[in-house]
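Quick notes on the structure that follows.
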Amino acid sequence: MSQKYPEYKGLNLPNVAERVLKNWEENRIFQKSIDTREGNPPFIFTEGPPSANGMPGIHHAMARSIKDIFCRYKTLKGYQVKRKAGWDTHGLPVELKVEKELGITKEDIGTKISIEDYNKACRESVMRYTDEWNKLTEKMGYWVNMDDPYITYESKYMESVWWLLGQIYNKDLMYKGYTIQPYSPKAGTGLSSHEINQPGAYQDVKDTTCVAQFKLKAGEQVPFENANLDLVHFLAWTTTPWTLPSNTALTVGPKIDYVLVKSWNQYTHEPIEVILAKNLVAKQFAKKYKVVESADELVYTKGDKKIPYQVIGECKGTDLEGIKYEQLLDYCQPYEDADKAFVVIPGDFVTTEDGTGIVHTAPTFGADDAMVAKAAGVPPMLILDENETPVPLVDLQGRFRKELNDPTFGLGGEYVKAEYLEGDEAEEELTIQREKLKDIIADLKAYMSVDDRITLKLKIENKAFKIEKYEHSYPHCWRTDKPILYYPLDSWFIKVAENRERLVELNNTINWQPKSTGEGRFGEWLKNANDWNLSRSRYWGIPIPIWTSEDGTEQICISSVEELKAEAQKAVDAGIMDANPLAGFEVGNMSQENYDQVDLHKNYVDQITLVSPTGKPMTREADLIDVWFDSGSVPYAQHHYPFENKELIDDRKGFPSDFIAEGVDQTRGWFYTQHVIAALVFDSVAYKNVMSNGLVLDKFGKKMSKRLGNAVEPFGNLATYGADATRWYMVTNAQPWDNLKFNEDGITEVQRKFFGTLYNTYSFFGLYASIDNFTYSEDEIAINERPEIDRWILSKLNTLIGAVDGSFEAFEPTKAGRLIQAFVNDELSNWYVRLCRRRFWKGDYTTDKISAYQTLYRCLETVAILSSPIAPFYTDELFQDLNSVTGRHQVESVHLADFPKVNEAEIDLDLEEKMGIAQKVSSMVLSLRQGAKLKVRQPLQKIMVPILDGDFARRLEDVKHIVLSETNIKEIDMLEDTEGILVKKIKPNFKTIGPKYGKQMKAIAAMVGQWTSADISSVEANNGWKGELNGEAIELELTDFDIVTDDIPGWLVASEGRMTVALDITLNDELKSEGIARELVSRIQNYRKDSGLEVMDRIQLTFDTNEVVKSAIETNQEYIKAEVLAEGIVFENLEASNHLLADLEEGNTVIGLAKV
RNA sequence: GUGCUAGUAGCUUAGUUGGUUAAAGUCUUUGCCUGAUAAGCAAAGGAGCGGAGGUUCGAGUCCUUCCUAGCACACCA
């Protein structure tokens, strides 16, 4: 044990972090923080897996700081907090990156490159930045066990996922459906709703939209009396004209009013009669049209400025149901039930906010469309391909099928969205189009999209009522950035919708931080949860473990490697497979080697054909499981549950999580999928407390992005400022769930204000404690034997412990940090240490001095522990530096210590109140001095303070010595009887009078404002006021008024709140000479310092000065000698150039100083 | 478009159940103190609380509406 407290040349937080990190490694402190809590209750934390195929950013540091804070806090509180790191390894981002690197597309997989090689490439790519992640984790001081991470591509992990899915399958919560889903032709995959909801997925695009005219079928009737049936058309709007060939129905709202309007087509000028929603008439007949009242005015010839229109009939949507119309674009017919197509059907989702109130319905490309069409028995536009398989009119690459070939307009084989064209394809298409369209457009300048050509065709054929560009937001594939299509796909679904209620119920038991995210955002989302589309038609992921016979009648869902091996063996026995690829797997052997010899990825399991009970071969369903299911499985799969660690989950020893935290942008999916899996499989919550932290924006509040170059690079930041300052800044500057405007100036401020002050306080303590050999070896001085100031700071300290504990407990790290910071700056450094300085460096090693050391030591030690969850590095050094001398704690790191307990006996609220008065009065006196330009060094005779009440007098009496020394005043006068001395001021107390005489408030205030000193005295004498105001009797008590002293005539006065202080600024000779002495002491102290003297060096003083100063020196000789540690003082002539020259009292004083 | 969150001095934030003159820090200017000194104290400057209405004796706090930002949601034709 050392006798000296370590000293440093200055505070360099990055260096501190280096030293502490080394210490942690050498002494395995993290491991010890878990081991020493063995047998204690666990605090279950689950780490959300990041993907290591990208570099970590500063926002990761943010999210990880939050996690770390609570894990460290709970460790201090005695919990055992295991935290297993993990990696998310599957998914489209990895695949797309690999495709790019290999220069291939999805179609090449399985042909140009084997799935096996492809998956190998993915496996190698996905862990590429693992080292950077590990480095960040270490540098920022995030404690998580990285030696044994769970990795989602490992066989054990995948086996657990299969097991979970098997549970869901066996509970009959899965089904295979044919639904319209967001589909990205360029990525070649369907997208989950999570993916559509990636930031930036919805983009504003300008599309060609079209209000098409669907002609009434010959022989049909309409519910309008004087309609010309040859001219009647339904108007329907679409933003995707490419879906018009797939139209098979028009949907109307049954309750909506529709009208028949007579007019002319603006492009062909042919007469038309159109049906649309009543309250959309004005919108559709804008600009070129004008309404007319009578049939007489309903005349039009081509070239007229405006086209007249008139409403000639009205009906309800119901009346239109069942009416047939002519197919708009007759390239194809539905392969079945074609006779039931092209009919008006009802739909509740129809609104009259946009369009025409009649919805163009293409069941193959719209989810609602499919639903209403199915309900009405209208077929989708599916045709049979060369294999006699029903297919939609657009292929999986996003191109029209060849059946749509139009001699003039092309279409067949072309991409339905121009955005899908790559490179020169647009140019090539343009050449073809120029040739084909030359009769219509003489000189085509630019490539015409499919939408543009379809609308052009409709225009020519009198089938387009209006064609416009329209800007709206449309979902885009989050990876390829191309627009998605809604497309019919085969998929596996988990039945989430029918379990919504239970999901909501369970969510209500979760403590969300902030509350609003859980109740509002997440809760609302659960209430409207749709079935979870699990299928992904990709390669690198966990395969759906379902094998089906070719006719679809028999099926098995595999839940383990053991089961797969057994089923494969059956197939071998039945002669369906030659050999069992899992023969080498030893059932029940949980060793890594055993599991390493199996691979459950697609390339491997697709080789396996199983046999059904009736002997039919069964092959695996081609799709993979949505990667969000991987991460939602973490709580179980990280432990290889239920194959290993069964008790962790079953006995609830490691589940549900006590705490999880992730960024709000990234993690909606993770919060959700964990919740769904836990609810469906275990009927439990997955986590009890959850914090969603906000985004890290740049200092202007803009989102950070590499493209804008405003992203903060985390490594450089940590190296410059140190992890402690960055962490402290991030946590204390804004609530974690608010977005953080990341400004490096803020970190500098934290460095200076908090860590600088804390460091200074420690240095101050260390300096003197080392000199005095304070090692905390004396008995703890009883609290009632300590001076007031010590008891005060200890009271504050105990209050702080309670408040910080409560804040951490309530998952409010910002509050905790701010409280600590306020304590260190305002209470400890700027009041306690400042007032107590002399106690540390003056005089003998007395009880008072020991009390001061003990008190300051405890403050520093406690602050170190309290702050350690947020700033793990510096606080550990501080703690260890203190503990290395005193050995008070048997632990080698602050992170192994126990969280301090509140000692209620040390809390003295009355004392805290007193000190508040002392601070207030001192501040007021200093302010008065400032105003009078009287330096604090100049002593003054007295101040007067009017006494407000008995408590105030007692309190002020107790702390008056502090006020006097702080402000350099000789005495304090408490004025009890203030009549005639003080000028008083009275104000009504709105808070108490308001509820009683609300309406009269203004009148009362006005009246009170007029009162004179005499009136105030009378109110005081009568203990209140009674009277009548505006005819109402009013009775006010003394407490309904605030009476404050305002002024003392002839004195320098300051008032704040109810307190008033008056300062006597007259100077006599004695005060003057003392002022001179103090001034000299200050100069000599600086001179000592400049001369390089040690604090304890003793000196001999020589003065060459005038009479005034000389007499002041003589008068205060003992004081000066004691202050500057002078043995003696002599007066003789001195050469100014070799000594200190001071300008005092209108003359020069030369000061000589010699070390003795 | 809908929902959630936020909008308070140049900047970062605090403002409890509505109660008199809106609070800190930072910043700028000025003065001071100091054997903790890249700190500290004091004074001055700077907002009327995103805008507009309303409820109330009284609104930064409650209500309505609009605007801005971020996030989430959306099948929107």
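Going by the numbering used here, the residue at position 699 of the first sequence is 777; the numbering climbs one at a time, nothing skipped.
Just so you know, even glycine gets a beta-carbon here, dropped at the ideal spot from N, CA and C.
(1) Rounded to whole angstroms, what's the CA-CA distance from Y1165 to L906? Just pull it up for me.
(2) To the nearest angstrom, how far is it from the Cα of L338 to the Cα of L406?
(3) From the DSSP output, in three-state form, read off T317 for me.
(4) Between V809 and the rest of its own chain, which residues show a CB-CB distance below 8 Å, the 5 nearest in sequence each way excluded?
(5) For Q1016, collect the residues of the same chain with a Cβ closer than 6 Å to its Cβ; drop the 5 residues on either side in sequence, then sort them by chain order.
(6) At the level of alpha carbons, what is the spacing between K361 and E303?
(7) Mind checking whether A265 and C555 have CB atoms under 8 Å apart?
(8) What number of angstroms, rounded off, separates the C-alpha of L489 from the C-alpha of N608?
(9) In angstroms with no decimal places, state the Cα-to-Cα distance between R627 and A657.
(10) Which class does Q675 belong to by DSSP, given the choice of helix, strand or coil?
(11) Return yes when the Cβ of Q899 is within less than 8 Å of the Cβ of F832, no when it is not.
(12) Across the stretch 249 to 268 and the stretch 581 to 600, are there enough close Cβ pairs to call them in contact, namely three or more that are closer than 8 Å?
(13) Inspect the beta-carbon positions of T434 and A314 and report whether they are closer than 8 Å.
(14) Which residues bound the beta strand (DSSP E) around I350?
(15) Is it right to say A419 is buried, meaning 16 or more other beta carbons lie within 10 angstroms of its own, or is it exposed?
(16) By the DSSP assignment, the alpha helix (DSSP H) with W102 in it spans what residues?
(17) May I ask you to report which of helix, strand or coil DSSP gives K1199?
(18) Given that a residue counts as buried once 16 or more other Cβ atoms are within 10 Å of its Cβ, and exposed if not, what is P1263?
(19) Which residue comes first and which comes last in the alpha helix (DSSP H) that contains M808?
(20) Give the list of continuous beta strand (DSSP E) stretches no shorter than 3 residues that lie fully inside the stretch 551 to 633.
(21) Using C-beta distances below 6 Å, list every residue in its chain close to I738, excluding the 5 sequence neighbours before and after it, in chain order.
(22) Could you compute how far the alpha carbon of I622 sits from the alpha carbon of T215?
(23) Taking 8 Å as the cut-off, decide whether the C-beta atoms of P424 and P457 are in contact.
(24) Compute the distance between the beta-carbons of L170 and D976, then report whether it is under 8 Å.
(25) Where do the ends of the alpha helix (DSSP H) carrying F957 lie?
(26) Does the beta-carbon of K1011 have 16 or more other beta-carbons within 10 angstroms, so that it is buried, or is it exposed?
(27) Spell out a yes or no on whether the stretch 698 to 713 and the stretch 664 to 678 are touching, meaning 3 or more CB-CB pairs, one atom from each, closer than 8 Å.
(28) Between the alpha carbons of H311 and P349, how many angstroms are there, rounded?
(29) With distances taken Cα to Cα, identify the nearest neighbour of A1232 among S1189, N1226 and F1181.
(30) From V239 to K495, what does the alpha carbon distance come to, in whole angstroms?
(31) Hey, how far is the Cα of E298 from the Cα of I401?
(32) Measuring alpha carbon to alpha carbon, tell me which of H679, G794 and A757 ends up nearest I246.
(33) Are the beta-carbon atoms of H973 and G619 separated by less than 8 Å?
(34) Applying the criterion that 16 or more other CB atoms from any shown protein chain within 10 Å of the CB defines a buried residue, is L987 buried or exposed?
(35) Give the range of the beta strand (DSSP E) segment to which Y336 is assigned.
(36) When you compare only the Cα positions, how much space is there between N771 and W870?
Well, looking at it:
(1) Using only the alpha carbons, I get a separation of about 29 Å.
(2) Rounded to whole angstroms, L338 to L406 spans 20 Å at the Cα level.
(3) Here T317 sits in coil by DSSP.
(4) So the list reads S143, I144, I147, P891, T892, G895 and I948, once near-sequence residues are dropped.
(5) Short of 6 Å from the beta carbon of Q1016, and not among the five residues preceding or following it, lie these beta carbons of its own chain, in chain order: G1153.
(6) Between K361 and E303, the C-alpha separation is close to 25 Å.
(7) A contact, by the Cβ cut-off of 8 Å.
(8) Take the alpha-carbon of L489 and the one of N608: they are about 35 Å apart.
(9) The sequence given here has Ser at residue 627, not Arg. Distance between the alpha carbons of S627 and A657 is about 20 Å.
(10) The answer is coil: DSSP assigns Q675 none of H, G, I, E or B.
(11) Yes, Cβ-Cβ distance for F832 and Q899 is below 8 Å.
(12) With a cut-off of 8 Å, the stretch 581 to 600 and the stretch 249 to 268 do not count as touching, because too few Cβ pairs lie within range.
(13) Taking a C-beta distance under 8 Å as the contact criterion, T434 and A314 qualify as a contact pair.
(14) Run containing I350: P349 to A355, per the beta strand (DSSP E) assignment.
(15) So A419 counts as buried.
(16) Taken as a continuous stretch (DSSP letters only), the alpha helix (DSSP H) holding W102 covers L91 to N105.
(17) Helix at K1199.
(18) Since the first and last residues shown for the chain are 79 and 1234, residue 1263 lies out of range.
(19) A801 to N811 is the extent of the alpha helix (DSSP H) around M808.
(20) If you keep only unbroken beta strand (DSSP E) runs of at least 3 residues inside the stretch 551 to 633, you get 563 to 572, 589 to 591 and 624 to 627.
(21) The beta carbon of I738 lies closer than 6 Å to those of T124, Y765 and V768 in the same chain, with the five residues before and after it left out.
(22) Taking C-alpha positions only, I622 is separated from T215 by approximately 34 Å.
(23) Not in contact: P424 and P457 (Cβ atoms no closer than 8 Å).
(24) Not a contact, by the Cβ cut-off of 8 Å.
(25) Here the alpha helix (DSSP H) through F957 covers P950 to T964.
(26) K1011 is exposed by the Cβ-count criterion.
(27) Contact between the stretch 698 to 713 and the stretch 664 to 678 is absent: fewer than three C-beta pairs spanning the two stretches fall below 8 Å.
(28) Between H311 and P349, the C-alpha separation is close to 11 Å.
(29) Selected option, being the one with the closest Cα: F1181.
(30) One C-alpha to the other measures close to 38 Å.
(31) Those two C-alpha atoms are separated by around 7 Å.
(32) Looking at the Cα atoms, A757 is the closest of the given residues.
(33) Judged by beta-carbon spacing, G619 lies beyond the 8 Å limit of H973, meaning their Cβ atoms are not closer than that value.
(34) Around the beta carbon of L987, a 10 Å sphere encloses fewer than 16 other beta carbons of the protein chains shown; the residue is thus reported as exposed.
(35) Per DSSP, Y336 belongs to the beta strand (DSSP E) from D335 to W342.
(36) If I take the Cα positions, the gap works out to 37 Å.
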